[in-house]
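Engineer: First to last, the sequence lines map onto chains A and B.
Position 14, counted from 1, in the first sequence is what the working numbering calls 14; the numbers after and before it change by one each time, with no gaps.
Position 203, counted from 1, in the second sequence is what the working numbering calls 458; the numbers after and before it change by one each time, with no gaps.
Each residue gets a CB set at the ideal place from its N, CA and C atoms; glycine is no exception.
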Amino acid sequence: MTQTMRADSVLSIKSLCKNFGGIKATDDVSLSVSRGGIHAVIGPNGAGKTTLIAQLSGQITPDSGDIEFDGRSILRAGMAQRARAGLARSFQITSVFLEMTILENAMLAVQGAQGHSYRFWAPTHKDQGLADIAMDHLMTVGLHHRSGRIVSSISHGEQRQLEVAMALAMQPQMLLLDEPMAGMGKEETFRMIEILSLVGAEKTILMVEHDMDAVFSLADQLSVLVNGRVIATDSVAQIRSNPEVQKSYLGDSCA
Amino acid sequence: MVNLSCTRSGKVYLGMLFLLGIAPLLFQWTNQPFLLDLLSRGLIIGIAALSLNLILGYGGMISLGHVAYLGIGAYCVGIPAYYDVYDGWIHLSLAIVTCALFALITGAVSLRTKGVYFIMITMAFSQMIYFIFLSLEEYGADDGLVIYARSEFPVWMNMESAVSLYYWIFGLLILTLFFIHRLVRSRFGRVIIGSKYNDLRMQSLGFNTYGYRLTCYVISAVICGLAGVLLGNFTSFISPEMMSWTRSGELIFMVIIGGTGSLFGPLFGALSFLFLEEALSLITIYWHLIFGGLLIALVLFGKGGIDAWLRKLDK
Numbered sequence: 001m002t003q004t005m006r007a008d009s010v011l012s013i014k015s016l017c018k019n020f021g022g023i024k025a026t027d028d029v030s031l032s033v034s035r036g037g038i039h040a041v042i043g044p045n046g047a048g049k050t051t052l053i054a055q056l057s058g059q060i061t062p063d064s065g066d067i068e069f070d071g072r073s074i075l076r077a078g079m080a081q082r083a084r085a086g087l088a089r090s091f092q093i094t095s096v097f098l099e100m101t102i103l104e105n106a107m108l109a110v111q112g113a114q115g116h117s118y119r120f121w122a123p124t125h126k127d128q129g130l131a132d133i134a135m136d137h138l139m140t141v142g143l144h145h146r147s148g149r150i151v152s153s154i155s156h157g158e159q160r161q162l163e164v165a166m167a168l169a170m171q172p173q174m175l176l177l178d179e180p181m182a183g184m185g186k187e188e189t190f191r192m193i194e195i196l197s198l199v200g201a202e203k204t205i206l207m208v209e210h211d212m213d214a215v216f217s218l219a220d221q222l223s224v225l226v227n228g229r230v231i232a233t234d235s236v237a238q239i240r241s242n243p244e245v246q247k248s249y250l251g252d253s254c255a
Numbered sequence: 256m257v258n259l260s261c262t263r264s265g266k267v268y269l270g271m272l273f274l275l276g277i278a279p280l281l282f283q284w285t286n287q288p289f290l291l292d293l294l295s296r297g298l299i300i301g302i303a304a305l306s307l308n309l310i311l312g313y314g315g316m317i318s319l320g321h322v323a324y325l326g327i328g329a330y331c332v333g334i335p336a337y338y339d340v341y342d343g344w345i346h347l348s349l350a351i352v353t354c355a356l357f358a359l360i361t362g363a364v365s366l367r368t369k370g371v372y373f374i375m376i377t378m379a380f381s382q383m384i385y386f387i388f389l390s391l392e393e394y395g396a397d398d399g400l401v402i403y404a405r406s407e408f409p410v411w412m413n414m415e416s417a418v419s420l421y422y423w424i425f426g427l428l429i430l431t432l433f434f435i436h437r438l439v440r441s442r443f444g445r446v447i448i449g450s451k452y453n454d455l456r457m458q459s460l461g462f463n464t465y466g467y468r469l470t471c472y473v474i475s476a477v478i479c480g481l482a483g484v485l486l487g488n489f490t491s492f493i494s495p496e497m498m499s500w501t502r503s504g505e506l507i508f509m510v511i512i513g514g515t516g517s518l519f520g521p522l523f524g525a526l527s528f529l530f531l532e533e534a535l536s537l538i539t540i541y542w543h544l545i546f547g548g549l550l551i552a553l554v555l556f557g558k559g560g561i562d563a564w565l566r567k568l569d570k
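Written as structure tokens, this is what we have:
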């Protein structure tokens, strides 16, 4: 296992550890995500992928190790602070606001990026500064023509697209995507791959994903996580031919 | 509130507000001072319910100690009056500052918790206040404190007569409704509503929700405290009993009956609650039994409360 630290890395994770009781959910993980690339983390269920994302976004505090974003340690920053610093996260379990419309969801994300919200008087529905930007990002994922729909009434795939639009609306430097294809059908997955390759041209992405087709067609770099450990990090082609990876992971699902 | 007049439910609400506005004239004309009394009390409790709804309905913060602020507001009239300070502006400012401070301190602690823990801790704080006033011998302890005169204001806005006090209450009610209407549609309001549905998600969108929720809690407490000032003036008597946690429970009931997270619902929830209580107690001494049954039925079958019921008119 070789870990090449690149000079221009946006995110570097250094010897990160997290235990839950006796289980090593994250076991000495070091990773570096280079600027502008799409870096995918794959691994079997229970490998600690979501735990890793949760530590990067600030939801869970690691036991030891360090996380540097844009050259500075963000270990002490809370979730909100990391988000404002330009690290946007989407969730594995869809967690958009079901009771609101698509546009209201996106506007909330834009609002989060626009400094403080201690504004008590002006109604947001007349706020073109919010709506216009939100619409731009809905356009990117192809939801702009349905912006008035209540989110609970749209399909699962569309909700996942909205997740991505909201992450984009935060105008981040980098996106942390936790299984963006989770629970999607073939066509929806295909659509999401299109969207993400579009997004990936402009932003750095670290994604956790099960869908191998998606990973192989999108990612530049791949890390394989097994039992909390990174067993390999390399280019897609190299990983595919790595015997250790074949044995421990790909052997099962891509035989 | 321009858009209100567009929906049928909105028209009903505006119509009822209009009726509340002219109620004193009707009561005077029909010579029913008792009804004016009942309605005055109803509107004060209604304002308290509206303030609770701001944190409970819109923000998802279920406080079982909200009447503490009603009581603090009332004591902010009673204690100065005990020292012959009757200046209404002093009473009002004192209530605003005291409630804001108490809410800031207790909110800062309680909002670190969620769910049942939040309910318990808000109740604990309000019981603390309750026992503090219960032990203050100087201010009557459990015998309470009589307020011999109402807060003094310039002649054109004094609250000496029952009718002028009613219009003070009505005025605060309209201000509160308008303020909440604007607040929940503002950027601040969107953050509060968002954090009710999914606080984690809001944080991941870059909102430090704790600060927003605390601010909302303080605003709600101040509104409730202002209602307390009017309550002190209305009853001319205050005792710790009005701060007991069971009163907070009643306030929650009123919000639920009216419709959580609706602008007008809690006001009419409070009015229905109080009128029902009054009417049933006229019929039988066992009225608590019927009242309890009715409340259970309302919660079980009346999902969304009065507001949801009225909104059926819009479809």
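1) Just checking: is the beta-carbon of glutamine 161 (chain A) within a distance shorter than 8 Å of some beta-carbon in chain B?
2) On the three-pair Cβ rule with 8 Å, is the region 300–310 of chain B touching the region 465–485 of chain B?
3) Can you confirm whether the region 382–400 of chain B touches the region 315–333 of chain B when touching is taken to mean that 3 or more C-beta pairs between the two stretches lie within less than 8 Å?
4) What residues of chain B sit near arginine 119 (chain A), judged by a beta carbon separation below 9 Å?
5) The alpha helix (DSSP H) spanning leucine 307 (chain B) covers which residue range?
6) Beta carbon of tyrosine 421 (chain B), beta carbon of leucine 555 (chain B): below 8 Å?
7) Kindly list the residues whose CB is nearer than 7 Å to the CB of serine 217 (chain A), restricted to its own chain and excluding five residues on each side of it in sequence; keep chain order.
8) Which residue from A:Thr26, A:Ala25 and A:Gly37 puts its Cα closest to that of aspartate 234 (chain A)?
9) Given a cut-off of 8 Å on the beta-carbon distance, is the pair leucine 260 (chain A) and asparagine 105 (chain A) in contact?
10) At a CB-CB cut-off below 7 Å, which residues of chain B make contact with threonine 124 (chain A)?
11) Nearest chain B C-beta to phenylalanine 97 (chain A) closer than 8 Å, yes or no?
12) Run through chain B and tell me which residues come within less than 7 Å of leucine 108 (chain A), C-beta to C-beta.
13) Label serine 494 (chain B) either buried or exposed according to how many other C-beta atoms from any shown protein chain fall within 10 Å of its C-beta, with 16 as the threshold for buried.
14) Threshold first: 4 residues or longer. Then list the alpha helix (DSSP H) segments lying entirely within the region 43–92 of chain A, N to C.
15) Using a threshold of 8 Å, state whether the C-beta atoms of leucine 349 (chain B) and cysteine 331 (chain B) are closer than that.
16) What does arginine 456 (chain B) reach in chain E if we use C-beta pairs closer than 7 Å?
17) Please look up how many angstroms separate the CB atoms of valine 256 (chain A) and valine 96 (chain A), rounded, as I've assumed it's under 8 Å.
18) If you check the beta carbons only, do leucine 565 (chain B) and valine 267 (chain B) fall under 8 Å apart?
19) Please classify arginine 6 (chain A) as buried or exposed, where buried requires at least 16 other C-beta atoms within 10 Å of its C-beta.
20) What residue range is occupied by the uninterrupted alpha helix (DSSP H) comprising serine 12 (chain A)?
21) From threonine 515 (chain B) to cysteine 471 (chain B), what does the alpha carbon distance come to, in whole angstroms?
22) Using only alpha-carbon positions, find the residue among B:Gly487, B:Ala525, B:Leu486 and B:Gly520 that is nearest to glutamate 505 (chain B).
23) Taking only the alpha-carbon atoms, compute the straight-line gap between lysine 14 (chain A) and glutamine 159 (chain A) and give it to the nearest angstrom.
24) Going straight from the alpha carbon of leucine 553 (chain B) to that of isoleucine 512 (chain B), what length do you get?
25) In angstroms with no decimal places, state the Cα-to-Cα distance between serine 416 (chain B) and leucine 294 (chain B).
26) At a Cβ threshold of 8 Å, is glycine 71 (chain A) touching chain B?
27) Of the residues B:Ile360, B:Pro279 and B:Glu393, which one's Cα is nearest the Cα of glycine 333 (chain B)?
28) Thinking C-beta only, is isoleucine 402 (chain B) closer than 8 Å to leucine 485 (chain B)?
29) What number of angstroms, rounded off, separates the C-alpha of methionine 497 (chain B) from the C-alpha of phenylalanine 373 (chain B)?
30) To the nearest angstrom, how far is the alpha carbon of leucine 443 (chain B) from that of tyrosine 118 (chain A)?
31) Could you tell me whether any Cβ in chain B is nearer than 8 Å to the Cβ of glutamine 171 (chain A)?
32) Report all residues from its chain with a CB closer than 6 Å to the CB of serine 12 (chain A); omit the five preceding and five following residues, and keep chain order.
33) Among B:Gly301, B:Arg405 and B:Val418, whose alpha-carbon lies nearest the alpha-carbon of threonine 490 (chain B)?
34) Spell out whether any CB of chain B is found under 8 Å from the CB atom of alanine 80 (chain A).
35) Going along the chain, which residues of the region 144–160 of chain A sit with their C-beta nearer than 8 Å to a C-beta in chain B?
36) So, with DSSP's three-state summary, where would you put valine 236 (chain A)?
Structural biologist: The answer reads as follows:
1) For the purposes of this step, residue 161 (chain A) is taken as residue 161 along the first sequence, with counting starting at 1. By this cut-off, glutamine 161 (chain A) is not an interface position.
2) The region 300–310 of chain B is in contact with the region 465–485 of chain B.
3) The region 315–333 of chain B is in contact with the region 382–400 of chain B.
4) Within the first sequence, the letter at position 119 stands for residue 119 (chain A). Residues of chain B passing the Cβ test: Ser441, Arg442 and Phe443.
5) The residue you call residue 307 (chain B) lines up with position 52 of the second sequence. Note, leucine 307 (chain B): alpha helix (DSSP H), 288–308.
6) By 1-based counting over the second sequence, the position of residue 421 (chain B) is 166. By 1-based counting over the second sequence, the position of residue 555 (chain B) is 300. Contact flag unset, no.
7) Taking the first residue of the first sequence as 1, we reach residue 217 (chain A) at position 217. Around serine 217 (chain A): Ile193.
8) Counted from its first residue, the first sequence places residue 234 (chain A) at position 234. Checked all of A:Thr26, A:Ala25 and A:Gly37; the closest Cα to aspartate 234 (chain A) is A:Gly37.
9) No answer is possible for residue 260 (chain A): the residues shown for chain A start at 1 and end at 255.
10) Counted from its first residue, the first sequence places residue 124 (chain A) at position 124. Under the 7 Å cutoff, chain B gives Arg440, Ser441, Arg442 and Arg445.
11) For the purposes of this step, residue 97 (chain A) is taken as residue 97 along the first sequence, with counting starting at 1. Taking Cβ atoms only, chain B reaches closer than 8 Å to phenylalanine 97 (chain A), which makes this a yes.
12) Stepping through the first sequence from its first residue, residue 108 (chain A) is reached at position 108. Within chain B, the residues near leucine 108 (chain A) are Arg445, Gly449 and Leu460.
13) In the second sequence, residue 494 (chain B) corresponds to position 239, counting from 1. Buried, by the Cβ-count rule.
14) Whole alpha helix (DSSP H) segments, 4+ residues: 49–57 and 79–84.
15) For the purposes of this step, residue 349 (chain B) is taken as the residue at position 94 of the second sequence. For the purposes of this step, residue 331 (chain B) is taken as the residue at position 76 of the second sequence. Against a cut-off of 8 Å, the Cβ pair of cysteine 331 (chain B) and leucine 349 (chain B) comes out as a contact.
16) Among the protein chains in the structure shown, which are A and B, there is no chain E.
17) The shown model of chain A, from 1 to 255, leaves out residue 256 (chain A), and the question about it has no answer.
18) On the second sequence, residue 565 (chain B) is found 310 positions in, with the first residue counted as 1. On the second sequence, residue 267 (chain B) is found 12 positions in, with the first residue counted as 1. Cβ distance < 8 Å, so leucine 565 (chain B) and valine 267 (chain B) count as in contact.
19) The residue given as residue 6 (chain A) occupies position 6 in the first sequence. A caution first: arginine 6 (chain A) carries a pLDDT of 46, below 50, which makes its placement in the model too unreliable to give a value.
20) Against the first sequence, residue 12 (chain A) aligns to sequence position 12. Counting along the chain, serine 12 (chain A) falls outside any alpha helix (DSSP H), though it belongs to the beta strand (DSSP E) covering 9–20.
21) The residue you call residue 515 (chain B) lines up with position 260 of the second sequence. The residue you call residue 471 (chain B) lines up with position 216 of the second sequence. Their backbone Cα atoms lie some 16 Å apart in a straight line.
22) In the second sequence, counting from the first residue as 1, residue 505 (chain B) sits at position 250. Considering only alpha carbons, the answer is B:Ala525.
23) For this step, residue 14 (chain A) is matched to residue 14 along the first sequence. For this step, residue 159 (chain A) is matched to residue 159 along the first sequence. Taking the straight line from one Cα to the other gives about 34 Å.
24) Here the question's residue 553 (chain B) lines up with position 298 in the second sequence. Here the question's residue 512 (chain B) lines up with position 257 in the second sequence. Cα to Cα, the separation comes out at about 7 Å.
25) Reading the second sequence from its first residue, position 161 is the one you call residue 416 (chain B). Reading the second sequence from its first residue, position 39 is the one you call residue 294 (chain B). Take the alpha-carbon of serine 416 (chain B) and the one of leucine 294 (chain B): they are about 15 Å apart.
26) Numbered from its first residue, the first sequence carries residue 71 (chain A) at position 71. With 8 Å as the cut-off, glycine 71 (chain A) does not count as an interface residue toward chain B.
27) Within the second sequence, the letter at position 78 stands for residue 333 (chain B). When only C-alpha atoms are compared, the closest one is B:Glu393.
28) Here residue 485 (chain B) refers to the residue found at position 230 of the second sequence. Here residue 402 (chain B) refers to the residue found at position 147 of the second sequence. Taking 8 Å as the cut-off, the Cβ atoms of leucine 485 (chain B) and isoleucine 402 (chain B) do not count as close.
29) Residue 497 (chain B) sits at position 242 when you count from the first residue of the second sequence. Residue 373 (chain B) sits at position 118 when you count from the first residue of the second sequence. Each residue's alpha carbon lies about 22 Å from the other.
30) Taking the first residue of the second sequence as position 1, residue 443 (chain B) is located at position 188. Taking the first residue of the first sequence as position 1, residue 118 (chain A) is located at position 118. Strictly speaking, residue 443 (chain B) in this sequence is phenylalanine, with leucine absent from that position. Each residue's alpha carbon lies about 5 Å from the other.
31) Reading the first sequence from its first residue, position 171 is the one you call residue 171 (chain A). So no, glutamine 171 (chain A) is outside the interface.
32) Along the first sequence, read from residue 1 onward, the residue named residue 12 (chain A) stands at position 12. These residues qualify, in order along the chain: Ser32 and Glu68.
33) By one-based count along the second sequence, residue 490 (chain B) stands at place 235. Among B:Gly301, B:Arg405 and B:Val418, the Cα nearest to that of threonine 490 (chain B) belongs to B:Arg405.
34) As a working note, residue 80 (chain A) is residue 80 in the first sequence. So yes, alanine 80 (chain A) belongs to the interface.
35) none
36) Translated into the one-based positions of the first sequence, residue 236 (chain A) becomes position 236. Three-state result, valine 236 (chain A): helix.
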